[in-house]
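For reference, the structure discussed in these notes is given below.
Residue numbers (my numbering): 1133 to 1484.
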């Protein structure tokens, strides 16, 4: 039998690999371990504890509102008003103005691709009706058909906005966005034609984007908890909302080689807890693995058995015996163990 000290390289590698990935597959350390050597009392001891083991990884992230999206216009009119960067625009509010006419925001997943008017049907009709209803207009059925009742509601909406009461909506009359938006950057200029990109926008909630090395992608999955440390040192709870599936090459920095990364998005349940900064570098601690109510001993208590696998030296007064164990998760100097007679409170030797 040989002690763990003689296999420091092997165990150290195991701890490094498992510590990064979280949980190792359980391996039985032998069913009939050899007897302990004479005078094999260890220099110290520890009790088996029932605990929660957590494997974490600290990575760098960026606090912000997410990646900006372009907002396009296909019209030829002249831009007469633009919002300011940082403005939040809700449904029905003006995104920009052309020829002194406001272009409000509708919410939806498809742009208007034709004039929405009486006699047509389709998903674009339903989008218009859903938005009119959300803005408080009534008297029509929300479906795919543009009826005279729909036209009447459109005219009421146009009257309230000071627009010509045509009862129809052209593609340039509104801007369809996914939801509330925050203006990131103005592209167009007042006085220029409204043809092309007008501005960029993001969502209205702050998130953290992590450029995670693809070699570490096994550490994350949607829904795992994360802790974000803000520049002022405050720790804020978060959750991994999405894990990218497309890798992006990152150029080499001074002293480092080029890498490939995926985007990991972390969201906050409490936006107020994230402070007031719009953008900032932050540290993110990802909880890669977590095992609750497991039996654990210090890693130094493991003994490499001659017949293979690992064991622990169980101490009972002046007597001791070696018991083969299955090893599980390694974290923070502790290792999960299972074995006959191994219970919370069992005293084991710590030879290293």
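Here a beta-carbon is modelled for each residue, glycine too, at the ideal position from N, C-alpha and C.
Exercise. Where do the N-terminal and C-terminal ends of the alpha helix (DSSP H) with residue 1478 fall, by residue?
Worked result: As a working note, residue 1478 is residue 346 in the chain shown. No alpha helix (DSSP H) holds residue 1478; DSSP gives it neither H nor E.
Problem set entry | Per-residue DSSP class, three states only, for residue 1347 | As a working note, residue 1347 is residue 215 in the chain shown. Residue 1347: helix per DSSP, three-state reduction.
Exercise. Nearest CA to the CA of residue 1318: which residue from 1395, 1217 and 1291?
Worked result: Taking the first residue of the chain shown as position 1, residue 1318 is located at position 186. Of the candidates 1395, 1217 and 1291, the one whose C-alpha sits nearest the C-alpha of residue 1318 is 1217.
Problem set entry | One or two residues paired with residue 1327 in a DSSP bridge | In the chain shown, counting from the first residue as 1, residue 1327 sits at position 195. Paired residues: 1206.
For this session: Using alpha carbons as the reference points, say which of 1253, 1252, 1281 and 1251 lies closest to residue 1264.
Result: To locate residue 1264, count along the chain shown from 1; it is residue 132. Checked all of 1253, 1252, 1281 and 1251; the closest Cα to residue 1264 is 1281.
Problem set entry | C-alpha gap between residue 1350 and residue 1434, whole angstroms | As a first step, residue 1350 must be located in the chain shown, where it is residue number 218. As a first step, residue 1434 must be located in the chain shown, where it is residue number 302. Roughly 27 Å between the two C-alpha positions.
Exercise. Which whole-angstrom value describes the C-beta separation of residue 1243 and residue 1308, a residue pair presumed to lie in contact below a C-beta threshold of 8 Å?
Worked result: As a working mapping, residue 1243 is identified with position 111 in the chain shown. As a working mapping, residue 1308 is identified with position 176 in the chain shown. Rounded, the Cβ-Cβ distance is 5 Å, consistent with contact.
For this session: Count the other C-beta atoms from every protein chain shown that fall within 10 angstroms of the C-beta of residue 1246, then say buried if there are 16 or more, exposed otherwise.
Result: Against the chain shown, residue 1246 aligns to sequence position 114. Flag for residue 1246 reads exposed.
Exercise. Does residue 1289 have its Cβ less than 8 Å from a Cβ in chain B?
Worked result: In the structure shown, chain B cannot be found, because there is only a single protein chain.
For this session: If I'm right that residue 1333 touches residue 1320 with Cβ under 8 Å, what's the distance once you round it to whole angstroms?
Result: Locating residue 1333 in the chain shown gives position 201, where the first residue counts as 1. Locating residue 1320 in the chain shown gives position 188, where the first residue counts as 1. Going by Cβ atoms, the distance from residue 1333 to residue 1320 rounds to 13 Å, so no, they are not a contact pair.
For this session: Could you name each continuous alpha helix (DSSP H) segment of 4 residues or more that falls completely within the stretch 1409-1436, going from the start of the chain to the end?
Result: none
Exercise. Going by alpha carbons, who is nearest to residue 1421 out of 1188, 1180 and 1174?
Worked result: Position 289 of the chain shown, counting from 1, holds the residue named residue 1421. Looking at the Cα atoms, 1188 is the closest of the given residues.
Exercise. Do three or more CB pairs link the stretch 1353-1370 to the stretch 1396-1416 at distances below 8 Å?
Worked result: yes
For this session: Decide if the stretch 1261-1278 is in contact with the stretch 1179-1193; the criterion is three or more beta carbon pairs, one per stretch, under 8 Å apart.
Result: no
Exercise. Between 1257, 1268, 1372 and 1294, which lies nearest to residue 1283 when the distance is taken from Cα to Cα?
Worked result: Translated into the one-based positions of the chain shown, residue 1283 becomes position 151. Nearest option by C-alpha distance: 1257.
Exercise. DSSP beta-bridge partners for residue 1236?
Worked result: Walking along the chain shown from the start, residue 1236 turns up at place 104. Per DSSP, 1226.
Exercise. Where does residue 1280 sit, in a helix, a strand or coil, going by DSSP?
Worked result: By 1-based counting over the chain shown, the position of residue 1280 is 148. Here residue 1280 sits in helix by DSSP.
Exercise. When you compare each of 1336, 1328 and 1381 to residue 1395 by their alpha carbons, which one comes out closest?
Worked result: Taking the chain shown and counting its residues from 1, the one referred to as residue 1395 is at position 263. The shortest C-alpha separation from residue 1395 is found at 1381.
For this session: State the Cα-Cα distance for the pair residue 1304 and residue 1337, rounded to the nearest angstrom.
Result: Start at 1 with the first residue of the chain shown, and residue 1304 comes out as number 172. Start at 1 with the first residue of the chain shown, and residue 1337 comes out as number 205. The straight-line gap from Cα to Cα measures roughly 28 Å.
Problem set entry | Check whether residue 1454 and residue 1466 have beta carbons under 8 Å apart | As a first step, residue 1454 must be located in the chain shown, where it is residue number 322. As a first step, residue 1466 must be located in the chain shown, where it is residue number 334. Contact: no.
Problem set entry | Cβ-based neighbour list, residue 1170, same chain, cut-off 6 Å, excluding 5 preceding and 5 following | Position 38 of the chain shown, counted from the first residue, corresponds to residue 1170. Low confidence applies to residue 1170: its pLDDT is 41, below 50, so where it sits in the model is not reliable, and the reading given next is rough at best. Nothing meets the Cβ criterion.
For this session: Spell out the partners DSSP gives residue 1177 in its beta bridges.
Result: The residue you call residue 1177 lines up with position 45 of the chain shown. BP columns for residue 1177 point to 1481.
Problem set entry | residue 1358 beta carbon less than 8 Å from that of residue 1306 | In the chain shown, residue 1306 corresponds to position 174, counting from 1. In the chain shown, residue 1358 corresponds to position 226, counting from 1. Taking 8 Å as the Cβ cut-off, residue 1306 and residue 1358 do not qualify as a contacting pair.
Exercise. Anyone know if the C-beta pair for residue 1468 and residue 1427 falls short of 8 Å?
Worked result: Taking the chain shown and counting its residues from 1, one reaches residue 1468 at position 336. Taking the chain shown and counting its residues from 1, one reaches residue 1427 at position 295. The answer is yes: Cβ separation under 8 Å.
Exercise. Hey, residue 1485 and residue 1335 are a contact pair by Cβ (cut 8 Å); roughly how many whole angstroms apart?
Worked result: Because the chain here runs from 1133 to 1484, residue 1485 falls outside it and cannot be looked at.
For this session: Go to residue 1264, then tell me how far its beta strand (DSSP E) extends in each direction, as first and last residue.
Result: Position 132 of the chain shown holds residue 1264. Residue 1264 -> not in any beta strand (DSSP E); alpha helix (DSSP H) instead, spanning 1255-1266.
For this session: Note down, in chain order, each residue of its chain lying with its Cβ closer than 6 Å to the Cβ of residue 1238, except the 5 sequence neighbours on either side.
Result: Numbered from its first residue, the chain shown carries residue 1238 at position 106. Correct list, in chain order: 1263, 1306 and 1308.
Problem set entry | Segment limits, beta strand (DSSP E) that includes residue 1391 | The residue given as residue 1391 occupies position 259 in the chain shown. Run containing residue 1391: 1391-1400, per the beta strand (DSSP E) assignment.
Exercise. Cα separation between residue 1470 and residue 1477?
Worked result: Position 338 of the chain shown holds residue 1470. Position 345 of the chain shown holds residue 1477. If you take the alpha carbons of residue 1470 and residue 1477, they lie about 13 Å apart.
For this session: Using three-state DSSP, classify residue 1366 as helix, strand or coil.
Result: Position 234 of the chain shown holds residue 1366. In this structure, residue 1366 counts as coil in the three-state DSSP scheme.
Exercise. So the beta strand (DSSP E) residue 1274 belongs to, where does it begin and stop?
Worked result: Here the question's residue 1274 lines up with position 142 in the chain shown. Segment: none, residue 1274 is in no beta strand (DSSP E) and carries neither H nor E.
Exercise. Candidates 1352, 1447 and 1325: which alpha carbon is nearest residue 1206's?
Worked result: The residue given as residue 1206 occupies position 74 in the chain shown. Residue 1325 is the option with its Cα nearest to residue 1206.
Problem set entry | Whole-angstrom distance between residue 1231 and residue 1352, CA atom to CA atom | Within the chain shown, numbered from 1, the residue matching residue 1352 stands at position 220. Within the chain shown, numbered from 1, the residue matching residue 1231 stands at position 99. Spanning the two alpha carbons is a distance of roughly 50 Å.
Problem set entry | DSSP state of residue 1185 mapped onto helix, strand, coil | Stepping through the chain shown from its first residue, residue 1185 is reached at position 53. In this structure, residue 1185 counts as strand in the three-state DSSP scheme.
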